[in-house]
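Participant:
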Amino acid sequence: LQRYHFGATFFITEGFSFSTNKKDYMTWEQIAQLHRDGFEVGNHTRDHFGITSENIGQLKDQLQAINDRCALHQIPKPISFAYPGNSIAKEALPVLAEMGIQFARRGGAPEFPYDKGEGLGFEPELDHLLLIPTAGDARPDWTLENFKKAVALAKQGKIAVLQFHGVPDLDHPWVNTPAGRFSDYMKYLHEGGFKVIALRDIKNYVTGIVPPSDPFAIIETRKAAISKAQSKP
């Protein structure tokens, strides 16, 4: 990322074995260095908290725990959020807004199944800023062609949001991205002249856009269109 002067957002959770496994997880001192290096530090909840309509009452505490850690390490209060497990619920949107979250990244679901990491381009005039879709959610069996397919969604005013769980993510091998392959991906972006930004920098592309009155309407529209296309002989 630094070699090519790319921006990026690192979404932080203290879930899984974060507190004890420093072979596979960063320390807060290292996370603070990411901020000092110019990268964005985002909120991914304390416990990698999968949001549902039933547990929404716990979301504030989950977010505040990461906010407090950031403050302790001189990291700005996060304004970007990533849904743990890419699990979304309509009740989360007002809570995220109340907690100061301006941009929230989801996965490619529910328009596409989770397992292959497929997604779609973010359309600033249609997608709610707290439901930004992922264009590609990297998997260990991805090749450069899979990555190119995701990046190709950045066209006609769309933004391709790329998701990596870890480079590498040895604690979760089913979403691991090998370092060498990540390097190939970044080289492709550099040689292709792509502008690579942190999630917070989306603000430069959404000025004056009115949020949709129904944040989930575009999701249902896309699901119907995809289903129709897949049903054709």
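Heads up: the sequence shown begins at 610 in the working numbering, then just goes up one per residue.
Glycine is no exception: its CB is placed at the ideal position from the N, C-alpha and C atoms.
Starting from F690, trace the beta strand (DSSP E) both ways and give me its first and last residue.
Facilitator: As a position in the sequence shown, residue 690 is number 81, starting the count at 1. It spans S689 to A691 - the beta strand (DSSP E) in which F690 sits, taken as one unbroken run.
Participant: Using 8 Å as the threshold, is the region 828 to 841 in touch with the region 638 to 658, meaning 3 or more CB pairs across them?
Facilitator: Not touching, per the Cβ criterion.
Participant: Below 8 Å on the Cβ atoms is my guess for A698 versus S662; work out the distance and round it to an integer in Å.
Facilitator: As a first step, residue 698 must be located in the sequence shown, where it is residue number 89. As a first step, residue 662 must be located in the sequence shown, where it is residue number 53. So it is a contact: roughly 5 Å between Cβ atoms.
Participant: Put N652 into one of helix, strand or coil per three-state DSSP.
Facilitator: The residue given as residue 652 occupies position 43 in the sequence shown. It is a strand residue.
Participant: What's the C-alpha gap between H737 and P821?
Facilitator: Here residue 737 refers to the residue found at position 128 when the sequence shown is read from its first residue. Here residue 821 refers to the residue found at position 212 when the sequence shown is read from its first residue. Rounded to whole angstroms, H737 to P821 spans 6 Å at the Cα level.
Participant: Tell me, which residues are paired with F712 by DSSP?
Facilitator: Mapped onto the sequence shown, residue 712 falls at position 103. Paired residue(s): S689.
Participant: Nearest by alpha-carbon distance to I892: which of P787, F690 and A617 is it?
Facilitator: The shown model of the chain, from 610 to 842, leaves out residue 892, and the question about it has no answer.
Participant: Run through DSSP, which three-state label would D746 get?
Facilitator: Against the sequence shown, residue 746 aligns to sequence position 137. Correct three-state label for D746: strand.
Participant: Measure the C-alpha to C-alpha separation of V815 and P733 and round it to an integer number of angstroms.
Facilitator: Position 206 of the sequence shown holds residue 815. Position 124 of the sequence shown holds residue 733. Rounded to the nearest angstrom, the two C-alpha atoms are 6 Å apart.
Participant: Quick check: L739 and L771, are their CB atoms within less than 8 Å of each other?
Facilitator: Within the sequence shown, residue 739 is the residue found at index 130, counting from 1. Within the sequence shown, residue 771 is the residue found at index 162, counting from 1. Cβ distance not < 8 Å, so L739 and L771 don't count as in contact.
Participant: At the level of alpha carbons, what is the spacing between V805 and K764?
Facilitator: For the purposes of this step, residue 805 is identified with residue 196 of the sequence shown, where counting begins at 1. For the purposes of this step, residue 764 is identified with residue 155 of the sequence shown, where counting begins at 1. Roughly 14 Å between the two C-alpha positions.
Participant: Note down the Cα distance separating P719 from K832, rounded to an integer number of angstroms.
Facilitator: Taking the first residue of the sequence shown as 1, we reach residue 719 at position 110. Taking the first residue of the sequence shown as 1, we reach residue 832 at position 223. Distance between the alpha carbons of P719 and K832: 8 Å.
Participant: Based on DSSP bridge pairs, tell me the residues matched to L771.
Facilitator: In the sequence shown, counting from the first residue as 1, residue 771 sits at position 162. In DSSP, L771 forms a bridge with G745.
Participant: Quick check: the Cα distance between Y634 and G817, rounded to an integer number of angstroms?
Facilitator: To locate residue 634, count along the sequence shown from 1; it is residue 25. To locate residue 817, count along the sequence shown from 1; it is residue 208. Their Cα atoms are separated by approximately 39 Å.
Participant: Contact defined as beta carbons within less than 8 Å: I believe L753 pairs with D793. What is the distance between those atoms, to the nearest angstrom?
Facilitator: Within the sequence shown, numbered from 1, the residue matching residue 753 stands at position 144. Within the sequence shown, numbered from 1, the residue matching residue 793 stands at position 184. Yes, they are in contact, since the Cβ atoms of L753 and D793 sit about 6 Å apart, within 8 Å.
Participant: Considering T752, what are the terminal residues of the alpha helix (DSSP H) in which it resides?
Facilitator: The count along the sequence shown starts at 1 and reaches residue 752 at position 143. Where T752 is concerned, there is no enclosing alpha helix (DSSP H), given that its DSSP letter is neither H nor E.
Participant: Report the option in H774, L729 and P693 whose CA atom is closest to the CA atom of G766.
Facilitator: The residue given as residue 766 occupies position 157 in the sequence shown. If we check each option's Cα against that of G766, L729 comes out closest.
Participant: To the nearest angstrom, how far is it from the Cα of K758 to the Cα of S628?
Facilitator: Residue numbering aside, residue 758 sits at position 149 when the sequence shown is read from its first letter. Residue numbering aside, residue 628 sits at position 19 when the sequence shown is read from its first letter. Each residue's Cα considered, the two are about 36 Å apart.
Participant: Can you tell me whether F791 is helix, strand or coil according to DSSP?
Facilitator: Your numbering for residue 791 matches position 182 in the sequence shown. DSSP places F791 in helix when its eight states are reduced to three.
Participant: So A769 and V760 are in contact, right, with Cβ under 8 Å, and what is the actual spacing, rounded?
Facilitator: Taking the first residue of the sequence shown as 1, we reach residue 769 at position 160. Taking the first residue of the sequence shown as 1, we reach residue 760 at position 151. About 5 Å separates the two Cβ atoms, so the contact holds.
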